[in-house]
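**Student:** First residue of the first sequence: 1017, per the working numbering; consecutive thereafter. Every residue, glycine too, gets a C-beta built ideally from N, C-alpha and C. Owing to the predicted nature of the structure, the values given are computational and were not obtained by experimental measurement.
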Amino acid sequence: MKIATWNVNSVKARIEAIRLWISEAAPDVLCLQEIKCANEAFPRSVFEDLGYNCAIHGQKTYNGVAILSKRPLEDVAAGLPGCDDDDHARYLEAAVTCGTGVIRMASVYAPNGNPVGSNKFDYKLRWLERLTARAKQILKQEEAAAFMGDFNVIPSSEDCHDPAAWVNDALFQPESRAALRRIEHEGYTDAFRTCNTQTHQFTFWDYQAGSWQKDHGIRIDHILLTPRATDCLKTCAIDKHIRGREKPSDHVPVWCELEL
DNA sequence: ATGCCGACAGGATGTCGA
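#1: Under DSSP, the beta strand (DSSP E) around Glu1069 begins and ends at which residues?
#2: Starting from Asp1138, follow the alpha helix (DSSP H) in both directions and report where the run begins and ends.
#3: Could you tell me whether the region 1124-1131 touches the region 1200-1220, where touching means 3 or more Cβ pairs closer than 8 Å?
#4: Is the region 1144-1163 touching the region 1072-1087, taking contact as three or more C-beta pairs under 8 Å?
#5: Let's see if you can read the secondary structure: which residues bound the alpha helix (DSSP H) around Trp1037?
#6: Between which residues of its own chain and His1104 is the CB-CB distance below 6 Å, once the five residues before and five after are set aside?
#7: Measure the Cβ-Cβ separation of Leu1046 and Ala1071 and say whether it is below 7 Å.
#8: As an exercise, report each continuous alpha helix (DSSP H) stretch of at least 4 residues that is fully enclosed by the region 1183-1267, in chain order.
#9: Helix or strand or just coil, what does DSSP make of Ser1123?
#10: Inspect the beta-carbon positions of Asn1069 and Asp1266 and report whether they are closer than 7 Å.
#11: Buried or exposed: Gly1165, going by 16 or more other Cβ atoms within 10 Å of its Cβ?
#12: When you compare only the Cα positions, how much space is there between Arg1244 and Ala1160?
#13: What residues are listed by DSSP as bridge partners for Leu1048?
#14: Are the Cβ atoms of Ala1180 and Cys1272 separated by less than 7 Å?
#15: Assuming Asp1065 is part of the alpha helix (DSSP H), what are its boundary residues?
#16: Have a look at the DSSP bridge pairing and note the partners of Gly1117.
#17: Going by other Cβ atoms of all chains shown within 10 Å of its Cβ, with 16 needed for buried, is His1257 buried or exposed?
#18: Determine the burial state of Asp1247: buried for a count of at least 16 other Cβ atoms within 10 Å of its Cβ, exposed for fewer.
#19: Could you name the residues of the same chain whose beta carbon sits closer than 6 Å to that of Ala1111, not counting the 5 residues immediately before and after it, in chain order?
#20: Please check the pair Arg1087 and Thr1113, which I expect to be a contact at CB under 8 Å, by giving their CB distance rounded to whole angstroms.
#21: Tell me which same chain residues have a C-beta within less than 8 Å of the C-beta of Trp1182, skipping the five on either side of it?
#22: Between which two residues does the beta strand (DSSP E) holding Gly1165 run?
#23: Quick one: residues in its chain with C-beta nearer than 6 Å to the C-beta of Phe1063, no 5 flanking neighbours on either side, listed in chain order?
#24: Check for me: the beta strand (DSSP E) holding Asp1296 runs from which residue to which?
#25: Skipping 5 residues on each side, what residues in its chain have a beta carbon closer than 8 Å to that of Asp1255?
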């Protein structure tokens, strides 16, 4: 089973790019972030024509996440528990039944949090705490699960081109990195880091300052697996070449193959 | 240099992203 995540920076602006990547990569599940449209504006029929079921947690203009799956999506739940007045569409969960059982998927779009010291940074840390709480709940069920998406956290210095350029950024604050580590310490595995020892492997390159041309990127899109899912992990990769295409998202797809 | 690019809403240019 091939599962993937991609922050597309507007599903409408990226529809042809997504269609092309799906036809080449043929993921069984694709978690999307920053779809930037309401549920009713989501181009559902494009994906249904490609053989996917759609679960959508949309929002006009900002945020918005979705899960596409060749198999039926069950037990769909939109929103992260723990804060009733959070109106950002940043989290969507669904379960997929496969040959050997059920795997739960979460499409994750953590807040950016800049500037540091602002209420946006507080919101980011609180949001990551709520994500950790949900991750712990799922861990208790002892089922296969994958948290996939844009966590907006650079895990270590080796996950960016120049750490000095990021020291004042919310994505690289010790508190942000600790929040991601806390999820891992609960028992989750960073699929990419487990499968790849190479440093400086990025998932995001800014549109500005020739970041792509200079390979000045950061690794902020992650797949975190429960132990049961990690036991099935075969490969994990970043489809870097997608960033070099016409009208690209600033993020590229990350995927892993699970022997499920 | 809180910019450089790009999407969005709206119909100019400010907000947001990371």
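**Tutor:** The relevant details are as follows:
#1: Just to set this straight, residue 1069 is Asn in the shown sequence, not Glu. It spans 1069-1073 - the beta strand (DSSP E) in which Asn1069 sits, taken as one unbroken run.
#2: 1135-1156
#3: A contact between stretches requires three or more CB pairs, one per stretch, nearer than 8 Å, and the region 1124-1131 fails this requirement with the region 1200-1220.
#4: no
#5: 1031-1041 is the span of the alpha helix (DSSP H), which, as asked, contains Trp1037.
#6: Asn1079
#7: no
#8: 1190-1202, 1207-1211, 1243-1246
#9: strand
#10: Contact: no.
#11: buried
#12: Their backbone Cα atoms lie some 5 Å apart in a straight line.
#13: Trp1022, Ala1082
#14: no
#15: 1060-1065
#16: Per DSSP, Cys1114.
#17: exposed
#18: exposed
#19: Glu1090, Asp1091, Val1118, Arg1120
#20: In this structure Arg1087 touches Thr1113 by the C-beta definition: roughly 6 Å separates them, less than 8 Å.
#21: So the qualifying residues of the chain are Ile1170, Cys1176, Phe1188, Ile1234.
#22: The continuous beta strand (DSSP E) containing Gly1165 extends over residues 1160-1166.
#23: Cys1070, Leu1084
#24: Residue 1296 lies beyond the residue range present for the chain, which begins at 1017 and ends at 1276; the question has no answer from this structure.
#25: Trp1037, Ala1041, Val1268, Pro1269, Val1270, Trp1271
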